[in-house]
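J.: Here the sequence shown is numbered in numbering that gives the first Met the number 0, starting from 0 and rising by one per residue.
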Amino acid sequence: MAKMFADDLGVELILLIPDSFDDLLKKISDNSAHIAAAGLTITKDREKIYRFGPAYQEISEQLVYNVENRRPKNLSQLDGGALEVVANSSHEEKLTYLKEEFPNLNWKSHHTLESEELLQMVSDNIIEYTIADSNELSLNQRFLINLRVAFDISEKQSLAWALPKTDDNSLYLEVQKFFKKIKENGELTRLIERNYGHVEDFDYVGTKIFRRHIETRLPRYQPFFEQAAAKYNLDWRLIAAMGYQESHWDPEAVSPTGVRGIMMLTLKTAKDLNIKDRLDPKSSIYGGAKYFKRTHKRINKKITEPDRTWMAMAAYNIGYYHLQDARQITRKLNKDPNRWIDVKQALPLLATKKWYKKTRYGYARGWESVQYVENIRSYYDILKWVDEGSIEAIPTPEEFFKIPNGL
Numbered sequence: 000m001a002k003m004f005a006d007d008l009g010v011e012l013i014l015l016i017p018d019s020f021d022d023l024l025k026k027i028s029d030n031s032a033h034i035a036a037a038g039l040t041i042t043k044d045r046e047k048i049y050r051f052g053p054a055y056q057e058i059s060e061q062l063v064y065n066v067e068n069r070r071p072k073n074l075s076q077l078d079g080g081a082l083e084v085v086a087n088s089s090h091e092e093k094l095t096y097l098k099e100e101f102p103n104l105n106w107k108s109h110h111t112l113e114s115e116e117l118l119q120m121v122s123d124n125i126i127e128y129t130i131a132d133s134n135e136l137s138l139n140q141r142f143l144i145n146l147r148v149a150f151d152i153s154e155k156q157s158l159a160w161a162l163p164k165t166d167d168n169s170l171y172l173e174v175q176k177f178f179k180k181i182k183e184n185g186e187l188t189r190l191i192e193r194n195y196g197h198v199e200d201f202d203y204v205g206t207k208i209f210r211r212h213i214e215t216r217l218p219r220y221q222p223f224f225e226q227a228a229a230k231y232n233l234d235w236r237l238i239a240a241m242g243y244q245e246s247h248w249d250p251e252a253v254s255p256t257g258v259r260g261i262m263m264l265t266l267k268t269a270k271d272l273n274i275k276d277r278l279d280p281k282s283s284i285y286g287g288a289k290y291f292k293r294t295h296k297r298i299n300k301k302i303t304e305p306d307r308t309w310m311a312m313a314a315y316n317i318g319y320y321h322l323q324d325a326r327q328i329t330r331k332l333n334k335d336p337n338r339w340i341d342v343k344q345a346l347p348l349l350a351t352k353k354w355y356k357k358t359r360y361g362y363a364r365g366w367e368s369v370q371y372v373e374n375i376r377s378y379y380d381i382l383k384w385v386d387e388g389s390i391e392a393i394p395t396p397e398e399f400f401k402i403p404n405g406l
């Protein structure tokens, strides 16, 4: 959003990464930075010091604990000092107010640790509890699978950019204008979907099995994923995520419909790709990467990344022409056929007679393709995290492909 805003103003974006949350707020207080864009919650105390732009997302503040430990039912059940939070955060501000209701409530404040580091410490059973925003927990719970929500400590809270309080209102007015624009044209909704749309439903058992398979199965096939990805200029982790969704990296997997192998290729596709043995892991992975590259190239050039990749995945699963039917339905619904957030709402309609009888290629289990894409997006995030050994932001579109601006 910051890059979009800078482009909208016609200025260069300069990103400053403070050493701590305290430093971030100080830069706004002393007017040495123009905007703080850091998932900041609008609070009464902060509004006395900073000027907030329009809210762009709602979250809940949640008490987080380790699943191996006892789940507290309310704040009175927390042991003294067992709760640790980021100093001067909205979480600490909320706790300060809650202490009036729970006089025995105590916590430890950290000036140098970030929220993600505290979540890691809860997951590792180093500390008992912390507080996190619901959106942040949703992103990290796939990596730190021992984390659980005990309860919300707040009603819905709004996130917004913070600006210094000055006599010059010009930047503040431009921020208001910008958010009005991206709310009305749907870009804000699409941005939130791109970052959070695939992480809403956390599957503890499925994620735990996936993490185990990363350790036990992936090492045997990772060289093939890397080699195939290099050949077709793709990110090997993306192809590996697709392979896991297809077969759980089982080279002998066979579906009731006759597709086989790690990448679950049909007999016709295998013949088209000149693959003689679909159960051979290397052949299957190379074939899947080649077929995905080919499918990606077929997607309308007007569709930009990452939507183009999501659509190519859906086409890999449901078929290119069924995807085109879904895009046609999207048009009839007066939505954008070039946006995944709109097309994924139309895909399930391919299984509804009212809609599929009007399409050229007929019935298809479109809801399966939506889940297919969303699962792969989560698997990709986890593989990226494991491969790089740290929790980082969701990948940019260019990270899917190793050349600028996609294929």
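The beta-carbon is built from N, C-alpha and C at its ideal position, and this holds for glycine as well.
Remember, predicted model here, so these are calculated numbers, not experimental data.
Could you have a look at ASN316 and say whether DSSP puts it in helix, strand or coil?
T.: Correct three-state label for ASN316: helix.
J.: Report yes if the C-beta distance between LEU237 and ALA161 is below 7 Å; otherwise report no.
T.: No, the Cβ-Cβ distance between LEU237 and ALA161 is not below 7 Å.
J.: Looking only at its chain, what residues have a beta carbon closer than 7 Å to the beta carbon of LEU8, apart from the 5 residues adjacent to it on each side?
T.: GLU173, listed in sequence order.
J.: Using CA coordinates, which residue listed in LEU23, SER19, ALA32, ASP21 is at the minimum distance from ILE13?
T.: Among LEU23, SER19, ALA32, ASP21, the Cα nearest to that of ILE13 belongs to ALA32.
J.: From ARG359 to ILE340, what distance separates their C-alpha atoms?
T.: Approximately 23 Å, taken between the alpha carbons.
J.: Are there 16 or more other CB atoms within 10 angstroms of the CB of PRO440, so buried, or fewer, so exposed?
T.: What is shown of the chain runs 0 to 406, which leaves residue 440 out entirely.
J.: Let me check understanding here. Comparing Cα to Cα, which of ARG211, ILE375, SER283 lies closest to ILE261?
T.: With distances taken between Cα atoms, ILE261 lies closest to SER283.
J.: When DSSP labels each residue in this structure, what does VAL372 get in the three-state scheme?
T.: Three-state result, VAL372: helix.
J.: Mind checking whether LEU346 and VAL369 have CB atoms under 7 Å apart?
T.: Taking 7 Å as the Cβ cut-off, LEU346 and VAL369 qualify as a contacting pair.
J.: For THR206, which three-state DSSP category applies?
T.: Note: THR206 maps to helix in three-state DSSP.
J.: Measuring CB atoms only, is the stretch 127-135 touching the stretch 169-183, in the sense that at least three cross pairs come out at less than 8 Å?
T.: Cβ pair count under 8 Å is below three, so no.
J.: Among SER254, GLU92, ASN65, which residue has its Cα nearest to the Cα of THR123?
T.: The question names Thr, but residue 123 in the sequence shown is Asp. The candidate whose alpha carbon is nearest that of ASP123 is ASN65.
J.: So, helix, strand or coil for PRO255, using DSSP?
T.: Three-state DSSP puts PRO255 in coil, outside helix and strand.
J.: Tell me the rounded alpha-carbon separation between LYS179 and GLU11.
T.: Near 21 Å, if we compare the C-alpha coordinates of GLU11 and LYS179.
J.: How about ASN337 and TYR371: are their beta carbons less than 7 Å apart?
T.: Not closer than 7 Å, so no.
J.: Tell me the DSSP secondary structure of PRO403 in three-state form.
T.: Because PRO403 sits at a pLDDT of 33, beneath the cut-off of 50, its placement in the model cannot be relied upon, and the following sentence gives the value as read from the coordinates. If DSSP states are grouped into helix, strand and coil, PRO403 belongs with coil.
J.: Assign ALA314 to one of two classes, buried (16 or more other C-beta atoms within 10 Å of its C-beta) or exposed (fewer than that).
T.: Its Cβ being crowded by 16 or more others within 10 Å, ALA314 is buried.
J.: For LEU23 versus ALA37, is the C-beta distance shorter than 7 Å?
T.: Yes. Within cutoff.
J.: Give me the Cα-Cα distance between LYS207 and ARG141, rounded to the nearest whole angstrom.
T.: Whole-angstrom Cα-Cα distance: 9 Å.
J.: Quick one: give me the first and last residue of the alpha helix (DSSP H) that TYR220 is part of.
T.: Segment 217-230, the alpha helix (DSSP H) holding TYR220.
J.: Could you tell me how far apart the beta carbons of PHE209 and LYS281 are, in whole angstroms, since I believe they sit closer than 8 Å?
T.: Rounded, the Cβ-Cβ distance is 22 Å, inconsistent with contact.
J.: Going along the chain, which residues of its own chain have a beta-carbon closer than 6 Å to the beta-carbon of TYR362, five neighbours each way excluded?
T.: Once the five neighbours on either side are set aside, the close Cβ partners of TYR362 are TYR355.
J.: Where do the ends of the beta strand (DSSP E) carrying PRO347 lie?
T.: That residue, PRO347, is in no beta strand (DSSP E); it is neither H nor E in DSSP.
J.: Just to confirm, is the Cβ distance from TYR49 to ILE27 under 7 Å?
T.: Closer than 7 Å, so yes.
J.: State the DSSP-derived secondary structure class of LYS98, mapped to helix, strand or coil.
T.: In this structure, LYS98 counts as coil in the three-state DSSP scheme.
J.: Just verifying my parser: in three-state terms, what is the DSSP assignment at LYS107?
T.: Note: LYS107 maps to strand in three-state DSSP.
J.: For ALA1, does the three-state DSSP call read helix, strand or coil?
T.: Residue state, collapsed to three classes: helix.
J.: Given ARG326, which residues of its chain have a CB within under 7 Å of its CB, disregarding the five upstream and five downstream residues?
T.: Excluding residues within five positions, the ones whose Cβ falls inside 7 Å are PRO336, VAL342.
J.: By a C-beta neighbour count over all protein chains shown, 10 Å radius and 16 as the cutoff for buried, is PHE150 buried or exposed?
T.: Exposed: under 16 other Cβ atoms inside 10 Å.
J.: Hey, GLY286 and ALA159 are a contact pair by Cβ (cut 8 Å); roughly how many whole angstroms apart?
T.: In fact, because the Cβ distance is near 48 Å, the residues do not count as touching under 8 Å.
J.: Suppose you measure from the CA of VAL258 to the CA of LEU264; what does that come to, to the nearest Å?
T.: Rounded to the nearest angstrom, the two C-alpha atoms are 5 Å apart.
J.: If we call anything under 7 Å between Cβ atoms a contact, is SER114 one with VAL148?
T.: Contact flag unset, no.
J.: Let me know the secondary structure DSSP gives ASP249 once reduced to three states.
T.: DSSP places ASP249 in coil when its eight states are reduced to three.
J.: Taking all protein chains shown into account, decide if HIS247 is buried (16 or more other Cβ within 10 angstroms of its Cβ) or exposed.
T.: So HIS247 ends up on the exposed side.
J.: Relative to the C-alpha of LYS270, which candidate in LEU382, LYS289, HIS110 has its C-alpha closest?
T.: With distances taken between Cα atoms, LYS270 lies closest to LYS289.
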